[in-house]
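Visitor: Residue numbers (the working numbering): 10 to 342.
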Amino acid sequence: MKKDTGKYLPLIPVFAVYLVLFLMGKNMSGMWQLMAMLLFYCALGQAFNIFLGMTGYVDFGYVAFMGVGTYGMALSIVHLAHYEVLGAWVIVIGFIMAILFSTILSLAVGAVALRLRGAYFAIATIGVNEGFRFLIEGARIWNGSEGLIFMGELNQILGREAASVLATFWADVMVLVIAALAAAVTLVYMRSKIGYALTALREDEDAAKVMGINVTKFKIVAFVTSASFAGLVGASTWALKTPYVFPPEVFEIHYTIEAIIIVLLGGAGTLLGPVAGGLIYGLSKYYLSIFLPGFQLLIFAPIIICIIVLFPEGVVGMLKKRLRDTALGRYIV
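Dropping the structure here:
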């Protein structure tokens with residue numbers, strides 16, 4: 010029993026960081042928006058790390074899953090608002106729809122792209138978000154380029170005051186919960202047959218096949234899981250926090266680039282890495298934009314390059330090596 014409990018000790022520092030961020034944002038005046046931004050980047054990194062970190066595959070179309078998750082929540086609110094009997098359950102249905110939409114899209118993309126490897130897979134996924142965006146706009150799916158605005162429906166479901174609290178507070182709390190769940194699922198995968206199979210294919214996919222591992226099946230598991238969490242992040246951060254959806258915004262590729270940077274900064278394939286990467290990236294971006302507005306990207310790019318060159322395995326990867334034989338080592342995975 011103690012041995013089984015010990016497997017989950019690495020969750021302690023992750024949850025501790027999330028708790029500190031929540032308490033700082035809640036109790037320190039003017040800090041909530043900064044903490045909410047950091048939680049978003051941590052959640053984005055945790056979700057993306059399930060696939061990139063555990064398989065080594067880079068998905069440049071990742072933001073598409075966030076986008077369809079946003080639409081899942083938005084469509085639920087728009088079409089179910091007039092059913093008064095549902096009340097706040099519309100939000101729960103919205104999260105279910107976000108998972109469903111992102112899962113369906115990930116299965117459709119994965120069925121083709123996951124048969125490819127390395128750079129070929131990355132190239133195949135580059136056009137996913139742009140292609141899906143233009144499909145929505147061109148075919149006028151879900152109101153096309155006009156998007157969906159559903160503040161009125163949200164007020165109708167919850168009332169004006171409750172809807173305001175949802176957008177300014179509870180939506181960010183949901184992102185915190187999603188980040189914690191993504192971390193828990195990551196560790197469960199790491200400690201199970203799924204994690205061992207993914208590690209084997211990440212190191213040498215051909216050797217993994219020779220050993221009898223169904224690499225396609227395990228890649229799809231990681232891909233769909235990561236996409237589902239992306240859908241939940243989109244539903245919370247975009248649909249509930251800013252109750253409108255426009256294709257150019259929810260399919261903006263720079264969110265994918267940010268996810269890649271966060272995972273590489275912290276350490277791909279580590280549990281604590283996305284947290285460290287999210288904090289480094291979020292704080293650097295925030296304070297550089299305050300003190301050096303207009304020059305933040307120019308300065309931030311070489312900072313990122315230096316960190317990745319100095320710590321090729323990420324900050325947590327370096328820390329994990331140094332603490333391997335110490336009492337703290339079992340908390341760093």
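From the three backbone atoms N, C-alpha and C, an ideal C-beta is built for every residue, glycine too. Model, not experiment: these values are computed from the prediction.
1) What residues are listed by DSSP as bridge partners for V254?
2) Under 8 angstroms by Cβ, that's how I've got L30 and M46 pegged, so tell me the actual separation to the nearest angstrom.
3) So, is M10 buried or exposed, given that buried needs 16 or more other C-beta atoms within 10 angstroms?
4) Residue ranges of each alpha helix (DSSP H) run of no fewer than 4 residues wholly in the stretch 250 to 310, ordered along the chain?
5) Report yes or no: do three or more beta-carbon pairs, one from the stretch 278 to 289 and one from the stretch 47 to 67, lie closer than 8 angstroms?
6) Taking only three categories from DSSP, how would you classify F57?
7) Are F260 and A73 touching if we call contact CB-CB under 8 angstroms?
8) Using three-state DSSP, classify M199 as helix, strand or coil.
9) Grab me the residues of F110's own chain with a C-beta within less than 7 angstroms of its C-beta, minus the 5 sequence neighbours each way, in chain order.
10) If you reduce the DSSP assignment to three classes, tell me which class S115 lands in.
11) Among L95, T246, W98 and I308, which has the Cα closest to the Cα of A180?
12) Buried or exposed: N223, going by 16 or more other Cβ atoms within 10 Å of its Cβ?
13) Can you say whether G96 is buried or exposed, counting buried as having 16 or more other CB atoms within 10 angstroms of its CB?
14) Thinking just about the alpha-carbon of each residue, which of G147, L249 and V186 is nearest to the one in L163?
15) I'd like the list of long-range same chain contacts for K218, defined as Cβ closer than 7 angstroms, with 5 residues on each side in sequence excluded.
16) Quick one: what's got a C-beta closer than 7 angstroms to I187's C-beta in the same chain, skipping five residues either side?
17) My assumption, with CB atoms under 8 angstroms, is that L280 sits in contact with Y17. Please give the rounded CB distance.
18) Please list, in chain order, all residues of the same chain as L328 whose beta carbon is under 7 angstroms from its beta carbon, the five residues on each side excluded.
19) Is there contact between the stretch 256 to 274 and the stretch 89 to 106, where contact requires at least three CB pairs shorter than 8 angstroms?
20) Can you grab the Cα-Cα spacing for the pair V324 / V121, in whole Å?
21) Quick check on I299: buried or exposed, where buried means 16 or more other Cβ atoms within 10 Å of its Cβ?
22) Classify V174 as buried or exposed, calling it buried when 16 or more other Cβ atoms lie within 10 Å of its own Cβ.
23) Are there 16 or more other CB atoms within 10 angstroms of the CB of E321, so buried, or fewer, so exposed?
24) Shortest alpha-carbon distance to E155 belongs to which of G127, N36 and F255?
25) Around the C-beta of D213, are 16 or more other C-beta atoms found within 10 angstroms, so that it is buried, or is it exposed?
26) On a CA-only basis, which of R200, A268 and F178 is nearest G291? Give me that one, please.
27) For A248, decide whether its Cβ has a neighbour in chain B, counting only Cβ atoms nearer than 8 angstroms.
Guide: The short version:
1) Against the sequence shown, residue 254 aligns to sequence position 245. Beta-bridge pairing links V254 to L157.
2) On the sequence shown, residue 30 is found 21 positions in, with the first residue counted as 1. On the sequence shown, residue 46 is found 37 positions in, with the first residue counted as 1. About 10 angstroms; that fails the 8 angstroms criterion.
3) Within the sequence shown, numbered from 1, the residue matching residue 10 stands at position 1. Note that M10 scores a pLDDT of 44, beneath 50, so its modelled location is shaky; the value from the coordinates is reported in the next line. With fewer than 16 Cβ atoms within 10 Å of its Cβ, M10 is classed as exposed.
4) 256 to 259, 263 to 275 and 282 to 300
5) yes
6) Here residue 57 refers to the residue found at position 48 when the sequence shown is read from its first residue. DSSP places F57 in helix when its eight states are reduced to three.
7) The residue given as residue 260 occupies position 251 in the sequence shown. The residue given as residue 73 occupies position 64 in the sequence shown. Against a cut-off of 8 angstroms, the Cβ pair of A73 and F260 comes out as a contact.
8) For the purposes of this step, residue 199 is taken as residue 190 along the sequence shown, with counting starting at 1. In the structure shown, M199 sits in a helix (DSSP, three-state: H, G or I).
9) As a working note, residue 110 is residue 101 in the sequence shown. Excluding residues within five positions, the ones whose Cβ falls inside 7 angstroms are V77, G78, Y80, G81 and G240.
10) Taking the sequence shown and counting its residues from 1, one reaches residue 115 at position 106. S115 falls in the helix class under three-state DSSP.
11) Residue 180 sits at position 171 when you count from the first residue of the sequence shown. A180 has its Cα closest to that of T246, out of L95, T246, W98 and I308.
12) Position 214 of the sequence shown, counted from the start, is the residue given in the question as residue 223. When all chains shown are included, N223 counts as exposed.
13) Reading the sequence shown from its first residue, position 87 is the one you call residue 96. The residue in question, G96, is exposed, as its Cβ has fewer than 16 Cβ neighbours within 10 Å.
14) Sequence index remark: in the sequence shown, residue 163 carries index 154 (1-based). Of G147, L249 and V186, the residue nearest in Cα terms is L249.
15) Looking up residue 218 in the sequence shown gives position 209. Cβ neighbours of K218 beyond the five flanking positions: V224.
16) Taking the first residue of the sequence shown as 1, we reach residue 187 at position 178. Excluding residues within five positions, the ones whose Cβ falls inside 7 angstroms are A52, F238, L241, V242 and S245.
17) The residue you call residue 280 lines up with position 271 of the sequence shown. The residue you call residue 17 lines up with position 8 of the sequence shown. In fact, because the Cβ distance is near 10 angstroms, the residues do not count as touching under 8 angstroms.
18) Position 319 of the sequence shown holds residue 328. Around L328: I341.
19) no
20) In the sequence shown, residue 324 corresponds to position 315, counting from 1. In the sequence shown, residue 121 corresponds to position 112, counting from 1. Rounded to the nearest angstrom, the two C-alpha atoms are 34 angstroms apart.
21) As a first step, residue 299 is located in the sequence shown; it is residue number 290 there, counting from the start. Its Cβ having fewer than 16 others within 10 Å, I299 is exposed.
22) Numbered from its first residue, the sequence shown carries residue 174 at position 165. By the neighbour-count rule (16 or more Cβ atoms within 10 Å), V174 is not buried but exposed.
23) If you number the sequence shown from 1, residue 321 lands on position 312. Here residue 321 turns out to be Pro, not Glu, going by the sequence shown. Its Cβ having fewer than 16 others within 10 Å, P321 is exposed.
24) Taking the sequence shown and counting its residues from 1, the one referred to as residue 155 is at position 146. When each option's Cα is compared against that of E155, the closest is F255.
25) Stepping through the sequence shown from its first residue, residue 213 is reached at position 204. Result: exposed.
26) Taking the sequence shown and counting its residues from 1, the one referred to as residue 291 is at position 282. It is A268.
27) Reference to chain B is not applicable here, since this structure consists of a single protein chain.
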